[in-house]
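These notes are about the structure you will find just below.
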Ligand code: SF4
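In the working numbering, the protein residues as written are 128 to 831.
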């Protein structure tokens, strides 16, 4: 349900604070020092005519065909005179039209029925139509037919452009001879509701009040003076340019509203629970969103949104933990009896959704926030952009009230023990940590029962649109195979887009199963090549991994169902040898793939920020080493040849690395942790970090 204080049945225009600020700066003394002050009728009419035609967000055509331009006290004055002019005729209005007419005029009838079907005009009718149309914030329905009909039956047609100044993408062509008058005002577009003025275009040769007042200069000329002042500063596109993207778009999207062309209004679909509350004349359910737009402007005028808290679950079987994604801070461990549904609807989950509805970063999303604000690149949240999302709701998340994107981590079975890994992701690393609890600390066992599966219809069902699986290593994990089989046997697989992260140590029968899914995104975990790779991803051999990746590309590059990406964990251990491995990796990814003519296999590799475990983050590097890295990368950038086919990609990654080394600030405690853990790990894994790069010897001996 919409908050009725923010989403109103009134459709008042957006009032920008700049309007008032500029009004306060008006040169009243200068104006009042002139003899015959405010004698600006002609200047006003010229200015407002030019102002209307200065729009670039809309098109206005045909006003030149009108002989008379009269100043009016807002469009309401034009209506009042028209009521008098046509008092012996019946007024015809479209449903949803400006309510003032209905309050003032007794003799009226609609131009359409409750289903929106057009009811033709008759000879003794006259018509007012707002354009943009008040009913839908767009162009009025049946307008071409209505104009032709009015002309044929000699029915006067008044065009009310009062909402001009609040709209975009509206095509106003008043060339049709049926149109007898057109009026504009400055009330809605540039915030002059309390100092009204406007213009009427017509061919009337009469002595009715508007013409009399113009002839005798009995006009609100103070308002005209102020109007000129405001028009000098604010064009007719000020509101749509400032508010449409992102504020208006975000408010509509986050509150399940349909956009219109007018920035203070949105529409509701028939299945919206508030449809009847906002229904006008049985036809249009229209919502005044000015207060919501104002709140959005005040809360975050550049709103961000992530679909994960509305659509997605990250589930780890041990210790039965859930989150909306793998990078969110503060995973929830479900206690006995607690279900996924309980977590999905609990207060913290609702709070994260509410934060995104108002376009602000929840605390738990600090990693994505840092990536976007400091590194200036897309964060993990972009990975959720394509997940379908209908009926955004703080409590239920989405229309189905459960997640459709499932990131499933059955256990930690793995065949590698990578440097930056932790027990949660590799049973071999867990074994190493268990062997040296004084170095790595104690933790509860993370291995799970081999024959027990934790997924059920709460997690994976016919509505699942994406299944993400990663390690341990999925290709060697029977549990992962059982999940795949579960999807295949229940006929879910054909509609599920699968994402699997693998270390490419093998290309086994897992690939026969994944072939049954709707699409398959393979992410290769590669943090370097050659010696750097082999140091980090012990005991894998780079030669074999490279062979497997090439074999995969050879086999699947013709198959549109498959995509290949790279997950690269950028960390101190591979940071000093970037010159040895980066280009080989990028050449494999971009050039080998290009040879295979499969562009989808060349999508940008994702670089993952390392913030855990302690001792492996950039917090181990004193400032001089960070500077050394930055200089090294800058030198590499300067040496990239302009005719290098992947010059752009090389520069992109080096630029990124320059930013990433600053992700954590140096701490001696962190460096000491590196020393203890690295020495212990090297002994356990029979590796030697000092052979990778001399800097590591310096770091191991570094003292403060
Ligand atoms: S913004 Fe990032 S951390 Fe937050 S839910 Fe989205 S993907 Fe996860």
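By construction, the Cβ of each residue, glycine as well, lies at the ideal position given by its N, Cα and C atoms.
Model, not experiment: these values are computed from the prediction.
Closest residue to residue i among the options (Cα-Cα distance)
i           : options            : result
residue 213 : 513, 178, 285, 311 : 285
residue 433 : 493, 409, 445      : 493
residue 262 : 362, 335, 386, 381 : 386
residue 753 : 767, 699, 765      : 699
residue 468 : 517, 428, 452, 530 : 530
residue 239 : 644, 269, 250, 259 : 269
residue 780 : 739, 801, 735      : 735
residue 288 : 276, 266, 279      : 266
residue 370 : 141, 183, 636      : 141
residue 528 : 472, 413, 562      : 472
residue 449 : 535, 762, 502      : 535
residue 344 : 594, 713, 783, 170 : 170
residue 405 : 656, 823, 138      : 138
residue 388 : 271, 325, 398, 293 : 293
residue 273 : 253, 330, 291      : 253
residue 585 : 543, 533, 627      : 533
Alpha helix (DSSP H) segment containing residue i, residue limits
i           : result
residue 616 : 605-616
residue 697 : That residue, residue 697, is in no alpha helix (DSSP H); its beta strand (DSSP E) goes 689-697.
residue 217 : Taken as a continuous stretch (DSSP letters only), residue 217 belongs to no alpha helix (DSSP H), being part of the beta strand (DSSP E) at 217-220.
residue 323 : Here residue 323 belongs to no alpha helix (DSSP H), and DSSP marks it neither H nor E.
residue 343 : Segment: none, residue 343 is in no alpha helix (DSSP H) and carries neither H nor E.
residue 485 : Run containing residue 485: none; DSSP gives neither H nor E here.
residue 471 : 467-472
residue 672 : 669-683
residue 378 : 376-381
residue 765 : 750-765
Local Cβ density within 10 Å of residue i, reported as buried at 16 or more and exposed below that
i           : result
residue 444 : buried
residue 308 : buried
residue 832 : Not covered by the structure: residue 832. The range shown for the chain is 128 to 831.
residue 664 : buried
residue 230 : exposed
residue 178 : buried
residue 522 : exposed
residue 440 : buried
residue 774 : exposed
residue 340 : buried
residue 258 : buried
residue 398 : exposed
residue 155 : exposed
residue 426 : exposed
residue 352 : buried
residue 435 : buried
residue 423 : buried
residue 236 : exposed
Whole-number beta carbon distance between residue j and residue i, since they are thought to touch under 8 angstroms
i           : j           : result
residue 552 : residue 539 : 6 angstroms
residue 246 : residue 220 : Going by Cβ atoms, the distance from residue 246 to residue 220 rounds to 11 angstroms, so no, they are not a contact pair.
residue 323 : residue 337 : The pair is not a contact, with the Cβ atoms about 14 angstroms apart (cut-off 8 angstroms).
residue 174 : residue 355 : 5 angstroms
residue 737 : residue 547 : 6 angstroms
residue 542 : residue 641 : Actually they do not touch by this definition, with Cβ atoms about 18 angstroms apart.
Unbroken beta strand (DSSP E) run spanning residue i, endpoints
i           : result
residue 310 : 306-312
residue 282 : First-last for residue 282: undefined, no H or E at that position.
residue 510 : Segment: none, residue 510 is in no beta strand (DSSP E) and carries neither H nor E.
residue 164 : Per DSSP, residue 164 belongs to no beta strand (DSSP E) and is neither H nor E.
residue 450 : 448-450
residue 253 : 252-257
residue 390 : Premise fails: residue 390 is in no beta strand (DSSP E) and is neither H nor E.
residue 648 : 646-652
residue 440 : 439-443
residue 415 : 411-415
Collapsed DSSP secondary structure at residue i in the structure displayed
i           : result
residue 553 : coil
residue 659 : helix
residue 202 : helix
residue 478 : helix
residue 596 : strand
residue 212 : helix
residue 547 : coil
residue 294 : strand
residue 454 : coil
residue 175 : helix
residue 130 : coil
residue 791 : coil
Closer than 7 angstroms to chain D by CB, residue i
i           : result
residue 430 : Considering every chain present, this structure includes no chain D. It has just one protein chain.
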